[in-house]
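Read through the structure below, which is laid out as structure tokens, and then see the notes.
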Ligand code: FRU
């Protein structure tokens, strides 16, 4: 199967690289489809970024893991494909999973997706979602895989949908967190306990008092600033005013004394399945999938045989009971010399390139027009991001926020990540306009700090 994957990479590489919408400083699939970041870690100084990868179709087909490594987030190496859906324990997909470093070894846990043949609904019957395991002692060579838990090992009230393992360690005890859907279609997480990372016993199931969606994907349980945090992606949560506008949600609960209310991490059109890890500088870093499943908007990059990307790596901090996210400082090394530009009220300014960073200290109310038809409008209560043609079906998303003082826009060829108040709130979205639609208009006289962003290198 590795050879089949490689043959797609060879066959479509030139077509993919001829796409003017290829991003300059965001990770993308070499060819084909990418979704969730997986197995994020730093080991012996090297960062490993794995991801859900289907080189055999830009719409996703056989899912294995892809792999990039980097020392500095400026130069990346495309590594050999580390994990394929090629065995009895993962034949219909080597789905999402994570890495845990212990005793100088990277331990990987992932979901083996199995579809049994027959007339099944594949929710309560007919599907295996196994917890599978492999390890690496150098980050580049991987052990054989083995299955640690099968569906029969889960509590009786669980549907077949149990996936996306992540490890949490507390007081020398290992916990395995799994996202799940009960037979009654309640989204939840399950916790398993172990002393050796191999033998797991069921501990408990956690969910909110009031049902919050039918399935929770990609759970991530960790501590930050003395808070216990659970990031997860609930499916089946109804839109509530300006909250939960996407088909599936992303966000976090504080789990200090039971579940807090749910906070959305990113309000943009294209953000899902974030995963965090702690690096050797002790930073809690988050990378998300800049995409979302089953959306009714599209990405024209499929014509060039690829789809989706990862967000910039973001450092998490907590302020006033709220998670802030901001791109890691290494990204600043991609910035060219800073320019201070005076924008005149309502006069379009033509900047150099879509691959750029823009920073504003904002007035109390404002409207920014960007590119061909992107608008960012703040009325003192709600920040609205709207797109027209260049959104390919993306219309408007909102953030309710009482005070905005600062905006940072990380723009790439076909993406925008908009950080409000240094990461208090974020919009991530894909956008597809002409490469020379590099215009910005502000509805007031304002100063803009501008950097061209240089491209990262992939070797
Ligand atoms: C989230 C997700 C995970 C699953 C993976 C499969 O986007 O559905 O729950 O493991 O994608 O690619």
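Residue numbers (this note's numbering): 60 to 518.
Glycine included, C-beta positions come from ideal geometry on N, C-alpha and C.
Source: prediction; values computed, not measured.
Original post:
Between residue 425 and residue 167, what straight-line distance do the alpha-carbon atoms span, to the nearest angstrom?
Top reply: If you draw a straight line from the Cα of residue 425 to the Cα of residue 167, it comes to about 47 Å.
Give a single yes or no on whether residue 407 has its beta carbon closer than 7 Å to a heavy atom of the ligand FRU.
Result no, Cβ not under 7 Å from the ligand FRU.
So what's residue 402 in DSSP terms, helix, strand or just coil? For residue 402, the three-state secondary structure derived from DSSP is strand.
Can you determine whether any heavy atom of the ligand FRU sits closer than 7 Å to the C-beta of residue 155, and answer yes or no? Correct: residue 155 has its Cβ closer than 7 Å to the ligand FRU.
- Message: Quick check: is any heavy atom of the ligand FRU less than 7 Å from the C-beta of residue 396?
- Response: No.
| query | Straight-line CA distance for residue 85 to residue 332? | reply | Spanning the alpha carbons of residue 85 and residue 332 requires a straight line of approximately 16 Å.
* Could you tell me whether the region 352 to 361 touches the region 455 to 465, using the rule of 3 or more Cβ pairs below 8 Å? => No, the region 352 to 361 does not touch the region 455 to 465.
Exercise. Inspect the beta-carbon positions of residue 505 and residue 419 and report whether they are closer than 8 Å.
Key: Yes; because the gap between Cβ atoms is below 8 Å, this pair is in contact.
_Same chain only: Cβ atoms within 6 Å of residue 291, ignoring 5 sequence neighbours per side_ = Excluding residues within five positions, the ones whose Cβ falls inside 6 Å are 275, 278.
Where residue 87 and residue 373 are concerned, what is the direct C-alpha to C-alpha distance, given to the nearest angstrom? Distance between the alpha carbons of residue 87 and residue 373: 17 Å.
- Mark residue 411 as exposed unless 16 or more other C-beta atoms lie within 10 angstroms of its C-beta, in which case mark it buried. Looking at its Cβ environment, which holds fewer than 16 other Cβ atoms inside 10 Å, residue 411 is exposed.
* Just tell me which of 104, 282, 246 has its CA closest to the CA of residue 270. => Out of 104, 282, 246, the CA that lies nearest to the CA of residue 270 is found in 246.
**Length of the line joining the Cα atoms of residue 321 and residue 303** = Distance from the CA of residue 321 to the CA of residue 303, rounded to the nearest whole angstrom, comes to 10 Å.
Inter-stretch contact (C-beta, 8 Å, three-pair minimum) for the region 296 to 313 and the region 387 to 395:
The region 296 to 313, when compared against the region 387 to 395, does not touch it at the 8 Å Cβ threshold.
> When the Cα atoms are used, what is the spatial distance from residue 251 to residue 209?
Replying inline: C-alpha of residue 251 to C-alpha of residue 209: approximately 13 Å in a straight line.
Check whether the region 462 to 477 touches the region 428 to 441, counting contact only when three or more Cβ pairs, one atom from each stretch, lie closer than 8 Å. In short, these stretches touch, since the Cβ pair count reaches three.
Just mark residue 225 as buried or exposed, buried being the case when its beta carbon has 16 or more other beta carbons within 10 Å. Buried, since its Cβ has 16 or more Cβ neighbours within 10 Å.
Selected residue, minimal CA-CA separation from residue 399, among 314, 510, 330, 362
Relative to residue 399, the option among 314, 510, 330, 362 whose CA is nearest is 510.
*residue 104 versus residue 448 - alpha carbon distance*: Rounded to the nearest angstrom, the two C-alpha atoms are 43 Å apart.
| message | Does the distance between the C-beta of residue 222 and the nearest non-hydrogen atom of the ligand FRU fall short of 7 Å? | response | Yes.
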